[in-house]
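When the letters of the sequence shown are read in order and numbered with the numbering used here, they come out as residues 1 to 368.
Built from N, CA and C at the ideal position, the CB exists for glycine as well.
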Amino acid sequence: MPYAHITGWGMAVPNRILTNAELESMVATNDEWIVARTGIRERRIVRAGETSSTLAVEAAWKALGCANLKPNELDLIICSTSTPEHIFPATACLVQDKLGANKAGAFDLLAACTGFIYALNMGAQAIRSGSIKSVLVIGTETLSRFVNWQDRNTCILFGDGAGAFVLQANQEFGGILASVLHSDGSGGDLLSVPAGGSKHPASEATIRSGMHFIHMDGREVFRFATRVMAQATREVIGAAGLQIQDIRWIIPHQANLRIIEAAARGLKVPLEKFIINIERYGNTSTASIPIAICEAVADGRLKAGDKIVLTAFGAGLTWGALAAQWSGPLPVVRKLRPAFYRILARLRSLMRRLRLRLEGWIWGRDKA
Ligand code: ACO
């Protein structure tokens, strides 16, 4: 049975930085309160023209470059997001087109901040089954588009960004070792965007009452998070047949520094075992774990052979954890040139659109 190794990774965040000082001029808050209660100092926010798929594609090109994999060698694209570009088509399909991954299936997965763990698990299981060989797993969010910038309870927390991993089949032991996934829909109302779906389609009333914004019971979510992060971490370490001392790094969902500190206390491990970058990005939901991992690889903390645990919680409610052995990229056979494939994908997409238009025109003319 092949193992699913993480052979490529990449991240993308918008250039625009929104600091706590700037938020002070928008809502009744201050830098001291935000840092003390959350650990966040700044976050990245998309500009006009930047979307969940543009961030996803940027991260994906980096991951493919790292794995030396051509887009048309991908079998599957799973895009985890709570902020898709549309209800449909799936953001994963927009990414598939922009990459020119013309042999890949593509779908979105929604498990909020736990989404990247769910998506990695799904991708790894597909590889483990032997049915496919390579998967692109993306976590991408533009939460700033759903934040009420007049609500100090939520607007200080969230940021935008994306992270992508390439998973590839390999007979050698390693990669994704175990995962645990949980949910409890009875807590769905603790964190939600109430309107815009089939229950409350967009109307003047839903817009007037702010139902398209993120609504959150912060205290309850906090309580839930501090309970489940350590629990899921312990569970997955057991499922992988490991002990906590075997784990080099724990990479938690970056929602609140105090939640991560509570998880460390619950696990009786020092905070230094955790990879934390919440101060610079805030809560980027499903993107927070891959972004933290990309930074840890870049600065040399995370090395090939390290055993790691990813742990998260989020809306749904959902929570889960995943244990992995970090692989590092496979030996390079030939160096991929992402710029070349980027242009090729653009041309192919244009040709496909043109062909569809032409076929439609011919069909219409024949009917007439
Ligand atoms: N600036 C100043 N004061 C504030 C702010 C702010 N930005 N926000 C709230 N306050 C006030 C409150 O109004 C309250 O005042 P009151 O006592 O007069 O009513 C006081 O500060 C304390 O409020 P609490 O809600 O008790 O503050 P707490 O310490 O719990 O921190 C926070 C609030 C940061 C939201 C915390 O509860 C939290 O992080 N919860 C988890 C949120 C989370 O992780 N959400 C994402 C889940 S993942 C996903 O799926 C997207």
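Ordered along the chain, which non-local residues of its own chain (more than five positions away) have a Cβ less than 7 angstroms from that of residue i?
| i | result |
| --- | --- |
| E235 | V180, A321 |
| L94 | S53, E85 |
| W149 | M26, C155 |
| G371 | This structure leaves residue 371 out entirely; the chain is present only between 1 and 368. |
| I244 | I237, L267, V269 |
| P338 | W61, L64, G65 |
| L242 | K307, A323 |
If you reduce the DSSP assignment to three classes, tell me which class residue i lands in.
| i | result |
| --- | --- |
| R385 | The structure shown does not extend to residue 385, since the chain spans only 1 to 368, so no value can be given for it. |
| F213 | coil |
| N153 | helix |
| K268 | coil |
| Q325 | strand |
| A106 | strand |
| P252 | strand |
| D160 | strand |
| S134 | strand |
| G139 | strand |
| F313 | strand |
| Q243 | coil |
| I45 | coil |
| A92 | helix |
| G320 | strand |
| I289 | helix |
| N389 | Nothing in the structure corresponds to residue 389, since the chain is present only between 1 and 368. |
| F340 | helix |
| I259 | helix |
| F273 | The sequence as given places Lys at residue 273; Phe does not occur at that position. Helix at K273. |
| L302 | coil |
| S349 | helix |
Hey, is residue i close to the ligand ACO, as in C-beta under 7 angstroms from one of its heavy atoms?
| i | result |
| --- | --- |
| G314 | yes |
| G218 | yes |
| W33 | yes |
| A255 | yes |
| V221 | yes |
| T29 | yes |
| N15 | no |
| T140 | no |
| R47 | no |
| A21 | no |
| R365 | no |
| L157 | yes |
| I259 | yes |
| T38 | yes |
| R265 | no |
| A225 | yes |
| N277 | no |
| N283 | yes |
| L310 | no |
| L191 | yes |
| R152 | yes |
| C113 | yes |
Under DSSP, the beta strand (DSSP E) around residue i begins and ends at which residues?
| i | result |
| --- | --- |
| L18 | 17–19 |
| C79 | 76–80 |
| S183 | 175–183 |
| T7 | 3–12 |
Quick one: give me the first and last residue of the alpha helix (DSSP H) that residue i is part of.
| i | result |
| --- | --- |
| A60 | 52–67 |
| F224 | 218–239 |
| F116 | 115–128 |
| E391 | Outside the displayed range of the chain (1 to 368) lies residue 391, so it cannot be described from this structure. |
| T38 | 31–38 |
| T206 | 204–208 |
Looking only at its chain, what residues have a beta carbon closer than 8 angstroms to the beta carbon of residue i, apart from the 5 residues adjacent to it on each side?
| i | result |
| --- | --- |
| Q171 | P2, Y3 |
| G188 | A315, G316, L317 |
| I87 | G196, G197 |
| I276 | G39, P252, Q254, L257, I260, A292 |
| E220 | G187, L190 |
| G360 | none |
Beta-carbon within less than 6 angstroms of residue i's beta-carbon, same chain only, minus the 5 sequence neighbours each way: which residues are those?
| i | result |
| --- | --- |
| I247 | K307, V309 |
| E58 | A12 |
| L123 | It is worth fixing the name first, because residue 123 is Gly in this sequence and not Leu. If we look at G123 and ignore the five residues flanking it on each side, its Cβ neighbours are I78, V135, V137, L167. |
| I117 | L310, A312, G320, L322 |
| H5 | Q168, N170, G174, G175, S327 |
At the 8 angstroms Cβ level, is residue i part of the contact set with chain C, yes or no?
| i | result |
| --- | --- |
| T54 | No chain C appears in the structure shown, which is made up of a single protein chain. |
Handout entry: Three or more C-beta pairs below 8 angstroms linking the stretch 295–314 and the stretch 106–123
Key = yes
Handout entry: Given 8 angstroms, three or more beta-carbon pairs between the stretch 69–77 and the stretch 41–48
Key = no
Problem - Stretch-stretch touch, CB-based, cutoff 8 angstroms, three pairs: the stretch 248–264 with the stretch 221–239 - result: yes
Exercise for the section: Determine contact between the stretch 354–364 and the stretch 15–32, defined as no fewer than three beta-carbon pairs at a distance below 8 angstroms. Expected result: no
Problem - At least 3 beta-carbon pairs within less than 8 angstroms: the stretch 127–147 vs the stretch 285–295 - result: A contact exists between the stretch 127–147 and the stretch 285–295.
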